[in-house]
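S.K.:
In the working numbering, the protein residues as written are 31 to 285.
1. If I follow the unbroken alpha helix (DSSP H) through residue 277, where does it start and stop?
2. Please state whether the Cβ-Cβ distance between residue 136 and residue 61 is less than 8 Å.
3. Assuming residue 115 and residue 198 form a contact by the criterion Cβ under 8 Å, report the distance between their Cβ atoms to the nearest whole angstrom.
4. Beta carbon of residue 117, beta carbon of residue 245: below 8 Å?
5. Below 8 Å on the Cβ atoms is my contact criterion, and I expect residue 261 with residue 142 to pass it. Report the Cβ-Cβ distance as a whole number of Å.
6. Within 7 Å: the Cβ of residue 138 and any heavy atom of the ligand ADP?
7. Checking 8 Å against the spacing of the C-beta atoms, do residue 181 and residue 212 come in under that value?
8. Round the Cβ separation of residue 188 and residue 119 to the nearest angstrom and send it over; I've been treating them as touching at under 8 Å.
9. If we ignore side chains and look at the alpha-carbon of each, how far apart do residue 127 and residue 52 end up?
10. Determine the DSSP secondary structure at residue 254, reduced to helix, strand or coil.
11. Leaving out the 5 sequence neighbours to the left and right, which residues in its chain are closer than 6 Å to residue 241 when beta-carbon positions are compared?
12. Is the beta carbon of residue 155 less than 8 Å from the beta carbon of residue 273?
13. Report the residue from 68, 169, 124 and 145 whose alpha carbon sits nearest the alpha carbon of residue 132.
14. What is the DSSP secondary structure of residue 173, reduced to helix, strand or coil?
15. Leaving aside the five residues before and after residue 169 along the sequence, list all residues of the same chain whose C-beta is less than 8 Å from its C-beta, in chain order.
16. Are the Cβ atoms of residue 48 and residue 256 separated by less than 8 Å?
17. Could you tell me the boundaries of the alpha helix (DSSP H) in which residue 286 lies?
18. Leaving out five residues on either side along the sequence, give the residues of the same chain with a beta carbon under 6 Å from the beta carbon of residue 37.
19. With a CB to CB cut of under 8 Å and the five nearest residues on each side skipped, what residues in its chain are close to residue 175?
20. Restricting to Cα atoms, I'd like to know which of 45, 82, 121 and 41 is closest to residue 73.
21. Pop quiz: residue 5 and residue 45 are said to be a contact at Cβ under 8 Å. What is the actual Cβ separation, rounded to whole angstroms?
22. Where residue 171 and residue 82 are concerned, what is the direct C-alpha to C-alpha distance, given to the nearest angstrom?
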């Protein structure tokens with residue numbers, strides 16, 4: 031898995047060079063601008079509701095009332111730390127929802143970008159078929175919805191796990207890796223579809239090569255630490271990097 035993660039991370043550097051060399055900027059900036067607006071809207075919504083959501087959870091579980099009756103400073107400290115981790119997990123949950131909405135909206139562009147990347151690598155043109163293009167979009171939407179469902183199940187389970195004192199502190203890391211995997215999965219599936227893998231076969235294939243998906247998701251999230259520019263470049267860089275990573279992994283006989 032480590033080798034796959036390294037290949038996936040290196041592919042982002044290759045993606046940058048690839049975009050410059052083949053002048054793909056128009057396919058990067060337009061979806062990037064839409065993503066940037068959605069990301070800022072999602073962050074604003076999170077900022078407005080995260081505190082209330084955390085308070086609601088503590089009240090409904092009875093933890094807040096119980097702690098107030100205990101008057102133990104160390105218990106209050108544990109809850110403060112726990113609240114911090116709950117907020118992180120809630121942020122990932124918010125991020126998941128808006129990210130999958132964007133994946134659905136951007137599916138046509140991502141399908142085209144992935145195909146364009148592979149056609150340049152292979153040195154051949156894939157004949158355009160409108161019916162196939164629509165199938166790619168529908169499949170991208172189905173995969174996004176399927177991943178959203180499973181990721182929500184896992185994140186809710188991780189949220190419950192985060193209530194366990196001390197042990198639950200690893201919950202944000204597990205949640206982040208889950209988030210990275212499912213995002214990378216969506217990016218890799220565009221190539222899987224083009225290689226005639228069914229949805230079931232794609233799920234099995236990517237499941238066996240989780241490193242490629244996780245590595246893609248990790249860099250995608252790291253790019254968000256660069257305000258505006260990173261947000262704009264992250265989605266399209268991710269789909270091109272995913273296509274390149276699969277090509278490189280096959281060339282090195284990793285997959």
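Glycine included, C-beta positions come from ideal geometry on N, C-alpha and C.
M.R.: Looking at the atomic coordinates:
1. The sequence position of residue 277 within the chain shown is 247, counting from 1. Membership of residue 277 in the alpha helix (DSSP H) is indicated by the continuous run 259 to 281.
2. Against the chain shown, residue 136 aligns to sequence position 106. Against the chain shown, residue 61 aligns to sequence position 31. Yes. Within cutoff.
3. Locating residue 115 in the chain shown gives position 85, where the first residue counts as 1. Locating residue 198 in the chain shown gives position 168, where the first residue counts as 1. Contact holds; Cβ gap of about 7 Å.
4. Numbered from its first residue, the chain shown carries residue 117 at position 87. Numbered from its first residue, the chain shown carries residue 245 at position 215. With contacts defined as CB atoms closer than 8 Å, residue 117 and residue 245 fail to qualify as a contacting pair.
5. Taking the chain shown and counting its residues from 1, the one referred to as residue 261 is at position 231. Taking the chain shown and counting its residues from 1, the one referred to as residue 142 is at position 112. Contact between residue 261 and residue 142 fails: their C-beta atoms lie close to 21 Å from each other, not under 8 Å.
6. Of the ligands one can find in the structure shown there are none, so the ligand ADP has no counterpart to examine.
7. Within the chain shown, residue 181 is the residue found at index 151, counting from 1. Within the chain shown, residue 212 is the residue found at index 182, counting from 1. In this structure, residue 212 lies closer than 8 Å to residue 181 by Cβ.
8. What you label residue 188 is simply residue 158 of the chain shown in a count that begins at 1. What you label residue 119 is simply residue 89 of the chain shown in a count that begins at 1. Their Cβ separation, rounded to whole angstroms, is 6 Å, which keeps residue 188 and residue 119 in contact under 8 Å.
9. In the chain shown, the residue the question calls residue 127 occupies position 97. In the chain shown, the residue the question calls residue 52 occupies position 22. Cα-Cα distance, rounded: 32 Å.
10. One-based indexing of the chain shown puts residue 254 at position 224. Residue 254 falls in the helix class under three-state DSSP.
11. Stepping through the chain shown from its first residue, residue 241 is reached at position 211. Excluding positions up to five away in sequence, the list reads 31, 34 and 35.
12. In the chain shown, residue 155 corresponds to position 125, counting from 1. In the chain shown, residue 273 corresponds to position 243, counting from 1. No, Cβ-Cβ distance for residue 155 and residue 273 is not below 8 Å.
13. Indexing the chain shown from 1 puts residue 132 at position 102. 68 is the residue among 68, 169, 124 and 145 whose C-alpha sits nearest the C-alpha of residue 132.
14. The sequence position of residue 173 within the chain shown is 143, counting from 1. If DSSP states are grouped into helix, strand and coil, residue 173 belongs with the helices.
15. To locate residue 169, count along the chain shown from 1; it is residue 139. Taken in chain order, the residues that qualify are 219, 223 and 229.
16. Taking the first residue of the chain shown as position 1, residue 48 is located at position 18. Taking the first residue of the chain shown as position 1, residue 256 is located at position 226. One thing to note: residue 48 has its Cβ no nearer than 8 Å to the Cβ of residue 256.
17. Nothing can be reported for residue 286: it is not among the residues displayed for the chain, which extend from 31 to 285.
18. As a working mapping, residue 37 is identified with position 7 in the chain shown. Cβ neighbours of residue 37 beyond the five flanking positions: 275, 278 and 279.
19. Sequence index remark: in the chain shown, residue 175 carries index 145 (1-based). 130 and 134.
20. Locating residue 73 in the chain shown gives position 43, where the first residue counts as 1. Checked all of 45, 82, 121 and 41; the closest Cα to residue 73 is 121.
21. No answer is possible for residue 5: it lies beyond the span of the chain, which begins at 31 and ends at 285.
22. In the chain shown, residue 171 corresponds to position 141, counting from 1. In the chain shown, residue 82 corresponds to position 52, counting from 1. Going from the Cα of residue 171 to the Cα of residue 82 covers about 32 Å.
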